[in-house]
Amino acid sequence: MNPVPSNYYDFFGLEHKLDLDLPDLEKRFYALSRQYHPDRYTLKSREEQQYALDATAILNDAYRTLRDPLARAEYLLKENGFDIGEQGSKNVPTELLEEVFELNMALEELRGGDESARPALEEARKKFVAMRDQIDSDLQARFAEYDRTRDRDVLADIRGMLNRRRYVRNLVNEVEKELAGAAA
Amino acid sequence: MTPIQIDFGKPERVVGIDLGTTNSLVAYLDSAQHPVVIPGEDGDKLVPSVVTLTKKGDIVVGNKARAALIDEPDRTVYSIKRLMGRGVGDVQDELKLFPFRIAEGSESVIRILLGERTFTPPEISAFILRQLKKNAEAFLGEPVTKAVITVPAYFNDAQRQATKDAGRIAGLEVLRLVNEPTAAALAYGLDKRREGIVAVYDLGGGTFDISILKLHEGIFEVLATNGDTHLGGDDIDNRLIHIALEDVRTEWGKDISHYGDAVQALRRAVIEAKERLSFVPSTKIEFGYKGKRYQREITRELFEKLIADIVDRTLGPCRNCIKDADVTVEQIDEVVLVGGSTRIPMVRNAVETLFRAKPHTDLNPDEVVALGAAVQAGILSGTVENQLLLDVTPLSLGIETMGGVVSKLIHRNSTIPASATETFTTAVDGQRNVLIHVLQGERELAKDNRSLARFDLKDIDPLPAGMARIEVRFLIDANGILNVTARDARTGKEQSVEIKPSYGLTDEQVEAMISESIDRAEEDFRARQVAEARVEADRILAAVDKAKQNDAYLDLTDQERSEITRALNELLVVYHADDHLLIRAKIEQLNNATMKLAENMINTAVSSALKGTKI
Chain A
1 MNPVPSNYYD FFGLEHKLDL DLPDLEKRFY ALSRQYHPDR YTLKSREEQQ
51 YALDATAILN DAYRTLRDPL ARAEYLLKEN GFDIGEQGSK NVPTELLEEV
101 FELNMALEEL RGGDESARPA LEEARKKFVA MRDQIDSDLQ ARFAEYDRTR
151 DRDVLADIRG MLNRRRYVRN LVNEVEKELA GAAA
Chain B
1001 MTPIQIDFGK PERVVGIDLG TTNSLVAYLD SAQHPVVIPG EDGDKLVPSV
1051 VTLTKKGDIV VGNKARAALI DEPDRTVYSI KRLMGRGVGD VQDELKLFPF
1101 RIAEGSESVI RILLGERTFT PPEISAFILR QLKKNAEAFL GEPVTKAVIT
1151 VPAYFNDAQR QATKDAGRIA GLEVLRLVNE PTAAALAYGL DKRREGIVAV
1201 YDLGGGTFDI SILKLHEGIF EVLATNGDTH LGGDDIDNRL IHIALEDVRT
1251 EWGKDISHYG DAVQALRRAV IEAKERLSFV PSTKIEFGYK GKRYQREITR
1301 ELFEKLIADI VDRTLGPCRN CIKDADVTVE QIDEVVLVGG STRIPMVRNA
1351 VETLFRAKPH TDLNPDEVVA LGAAVQAGIL SGTVENQLLL DVTPLSLGIE
1401 TMGGVVSKLI HRNSTIPASA TETFTTAVDG QRNVLIHVLQ GERELAKDNR
1451 SLARFDLKDI DPLPAGMARI EVRFLIDANG ILNVTARDAR TGKEQSVEIK
1501 PSYGLTDEQV EAMISESIDR AEEDFRARQV AEARVEADRI LAAVDKAKQN
1551 DAYLDLTDQE RSEITRALNE LLVVYHADDH LLIRAKIEQL NNATMKLAEN
1601 MINTAVSSAL KGTKI
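Right, dumping it as structure tokens:
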């Protein structure tokens, strides 16, 4: 019963990269699950059962993190000493200031029962979704760049992009909630 | 055949149990690794989840108890699963529809009145489990102490814990709680295609679950699950009962809704009509009470109108589940139907329309969960090697933070075991305790979620405010049950945690119930031995009575006759004592005293037989 690596990448036997091959990750996950899952240890000693439980909990947490590009990037940033907090995503990115202002106006109007704000909100939703998709594809490019160069400046950029993405995601969620709520 | 077979290489038997709202079943893997449902004493594979306390004080479970629903409604309980792991506060709706008699003082744990005694839901479930254990032992001819028990996928922590407690009280080591739809997928997946995405739609007596799984080379990975733990066939029955009660009120000019026996008889009648309506377009609800008869025609069309919203309520969770699984309807290769309520054509049509696929029904929807539980039992005992279940937690887990807001630690549909670690500190100088309120659910505010427990971090080293660092690890195990451990991050020492469950039994209460049930098991065992000794006494007493009419009796000496009389009287004296050893000793004595008589009788029989034969 060797202690399992607590580092997610190490557990999966992977290089610490941002761009991962998902089918390969899944294959490794299934193989490791067969090895460590508590179902395989039910009739073993209490210590072995605990070992399997702890190892599988880390395995599952690791898989959940690594298969999601954003969670994976945050994990790698943290590993490299970057501070990841929700705070960064609460400040409005300067380039979005004007649009967020307009959006909030439209949201207020719809909440106040003014249905004429709906088309503007639909429009805003489309715009923010497109923005989110754009950030995603930009991120993908930066992931590959980091994996190639291992440049800390790239990681710093990625952190900024993640904050912006989180901010945009929250906007999309809010608009969608408001649109669905008003329709109901 | 040798009388005793000892095979130390054989892995210990683990059975699979479906502890259902309406019926319960036990299954095992036969030597060919095929799951088989074990029939009860009456030959029935389904054991109705009904428990009755007879006037003599015996607990009766199953079909016999079902009969008592009508004769002894005050001493009988059904659908107890609806109350598992719940508090009185959140079952008020159920109490309007179900004849549960709640005892006084049921704050954190509900207590049900059966006659003059009270039982908690886990204890009542334990009676059902004990019956299944007995059935399995009689069938397999060996003790059964380990089991896999299924639960609705959407069961929360308290409901799961209550189920596990029931197993312990029944004398079963519960090796695993398995989600019902996952178990069903396992039963289906065994000989079927090994790849693809499968949806399991499980509408049982009292609960609804939907799970979406990915099958790959023997791995059953649950992608998402959703459901409603208070939606099922019971709700359909209640609709029909309601209509019939209204009819009776008008026709007979009498409200019979408060007569337990009448309502139970009516319930039986509407269930039968409901079941017939799955096969015929129209049927009659027929019911009699105290010489009066009630009858009404019900068409499938009307029936479908009555239950449309119930069927509809299952579709929302299905859509959410598809979304959470991150798949499209087109990607779902198969749909499996589980639970008796999926026999209703309207349910089948709704599923077919939503998933755009013809649902699978080749396995009996009543048995498929138990069969899957047996397969999982085989996985755990190592006899099934290639299969592995990867299940998820149905509800998010979080802690209450400032302002009553929930901070989520483990999100719903996370593969279990899953864990999260949080560091806590103190707010004032020298603070010794920190209280953590843990909740389950998807809502933003603590008050809208299900309170699981309060964890009290105790004996924290007194330090200035904010200096303490207590690392708390929340771990959801493979049963979907939360475990909490804490350590002082500065010293690395384990930090003591006191758990105060919001609903359900404390560990001490369960222990007390287990020892009580062991006492009762001994009591039961002794009672059986006494009963068996009496049966034997009856037999010899009858035989001696008959022998006294025989000529051979007269051939005995006076002393021989008086010895028989003495032994006979002594047996009669101890007959009603609760001591099987004493009864057996006196049987033995009578046996010895009548030895000569028996010999004489055989001789007489032979000689009279000879006399009657003409040579």
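Residue numbers (my numbering), protein chains in the order written: chain A, 1 to 184; chain B, 1001 to 1615.
Idealized CB from N, CA, C, for every residue including glycine.
Should residue i go down as buried or exposed, given a rule of 16 or more other Cβ atoms within 10 Å for buried?
i: R152(A); result: exposed
i: A1032(B); result: exposed
i: N1603(B); result: exposed
i: N2(A); result: exposed
i: M1595(B); result: exposed
i: N104(A); result: exposed
i: T1557(B); result: exposed
i: R1293(B); result: exposed
i: V1438(B); result: buried
i: N1433(B); result: exposed
i: M1467(B); result: exposed
i: T1002(B); result: Confidence in T1002(B) is poor, its pLDDT being 37 and thus under 50, which makes the residue's placement unreliable; the coordinate value appears in the next sentence. So T1002(B) ends up on the exposed side.
i: V1280(B); result: exposed
i: N1449(B); result: buried
i: H219(A); result: This structure cannot settle anything about residue 219(A), because the visible part of chain A is limited to 1 through 184.
Taking the CB atoms as reference points, tell me whether residue i and residue j lie closer together than 9 Å.
i: R40(A); j: R46(A); result: no
i: V172(A); j: R125(A); result: yes
i: A1509(B); j: I1470(B); result: It is worth fixing the name first, because residue 1509(B) is Gln in this sequence and not Ala. No.
i: L1203(B); j: L1231(B); result: yes
i: N1600(B); j: D1555(B); result: yes
i: A1527(B); j: I1583(B); result: no
i: V1678(B); j: R1443(B); result: No answer is possible for residue 1678(B): the residues shown for chain B start at 1001 and end at 1615.
Using a cut-off of 8 Å between C-beta atoms, extract the partners of residue i located in chain B.
i: R34(A); result: I1219, L1388
i: T56(A); result: P1417, A1478
Which residues of chain B have a Cβ atom closer than 9 Å to the Cβ of residue i, listed in chain order?
i: R64(A); result: H1411, S1414, T1415, A1418
i: N60(A); result: L1390, S1414, T1415, I1416, P1417, A1418, S1419
Look up residue i in the DSSP assignment and say whether it is helix, strand or coil.
i: H1216(B); result: strand
i: G1206(B); result: coil
i: L1388(B); result: strand
i: Y8(A); result: helix
i: V1174(B); result: strand
i: H1580(B); result: helix
i: G1618(B); result: The structure shown does not extend to residue 1618(B), since chain B is modelled only from 1001 through 1615, so no value can be given for it.
i: N170(A); result: helix
i: A1269(B); result: helix
i: F82(A); result: coil
i: T1163(B); result: helix
i: V1327(B); result: coil
i: E123(A); result: helix
i: P1035(B); result: strand
i: Y1154(B); result: coil
i: I1540(B); result: helix
i: A55(A); result: helix
i: L1495(B); result: Rather than Leu, the amino acid found at residue 1495(B) in this sequence is Gln. In this structure, Q1495(B) counts as strand in the three-state DSSP scheme.
i: R1293(B); result: strand
i: A1486(B); result: strand
Can you name the residues of chain A whose CB is closer than 7 Å to the CB of residue i?
i: S1381(B); result: L43
i: L1175(B); result: T42
Mind listing the chain B neighbours of residue i? Cutoff is C-beta to C-beta under 7 Å, in chain order.
i: H37(A); result: L1388
Going along chain A, which residues have a C-beta under 9 Å from residue i?
i: L1475(B); result: L53, D54, A57
i: H1216(B); result: E26, Y30
(request) Inspect the CB distances between the stretch 59-78 of chain A and the stretch 1413-1422 of chain B and report whether three or more fall short of 8 Å. (result) Contact between the stretch 59-78 of chain A and the stretch 1413-1422 of chain B is established, with three or more Cβ pairs separated by less than 8 Å.
(request) Count the CB pairs spanning the stretch 1224-1233 of chain B and the stretch 1205-1214 of chain B that are closer than 8 Å, and state whether there are at least three. (result) yes
(request) Check whether the stretch 1113-1133 of chain B touches the stretch 18-34 of chain A, counting contact only when three or more Cβ pairs, one atom from each stretch, lie closer than 8 Å. (result) no
(request) Report yes or no: do the stretch 1346-1353 of chain B and the stretch 1298-1316 of chain B share at least 3 C-beta pairs separated by less than 8 Å? (result) yes
(message) Pairs of beta-carbons, one from the stretch 1046-1062 of chain B and one from the stretch 1089-1098 of chain B, closer than 8 Å: are there three or more?
(response) No, because fewer than three Cβ pairs between the stretch 1046-1062 of chain B and the stretch 1089-1098 of chain B fall closer than 8 Å, the two stretches do not touch.
(message) Under 8 Å: do the stretch 1445-1454 of chain B and the stretch 1139-1154 of chain B share three or more Cβ pairs, one atom per stretch?
(response) no
(message) Any contact between the stretch 1012-1023 of chain B and the stretch 1101-1115 of chain B? By contact I mean 3 or more CB pairs, one from each, below 8 Å.
(response) Counting Cβ pairs under 8 Å, fewer than three are found: no touch.
(request) Examine the Cβ distances between the stretch 1364-1383 of chain B and the stretch 1035-1055 of chain B and report whether three or more of them are shorter than 8 Å. (result) yes
(request) Count the CB pairs spanning the stretch 1236-1245 of chain B and the stretch 1213-1222 of chain B that are closer than 8 Å, and state whether there are at least three. (result) Too few Cβ pairs lie closer than 8 Å, so no.
(request) Could you say if the stretch 1233-1242 of chain B and the stretch 1264-1283 of chain B meet the contact criterion of at least three C-beta pairs nearer than 8 Å? (result) yes
(message) Does the contact criterion of 3 or more C-beta pairs under 8 Å hold for the stretch 1542-1555 of chain B versus the stretch 1133-1149 of chain B?
(response) no
(request) Count the CB pairs spanning the stretch 151-171 of chain A and the stretch 75-85 of chain A that are closer than 8 Å, and state whether there are at least three. (result) yes
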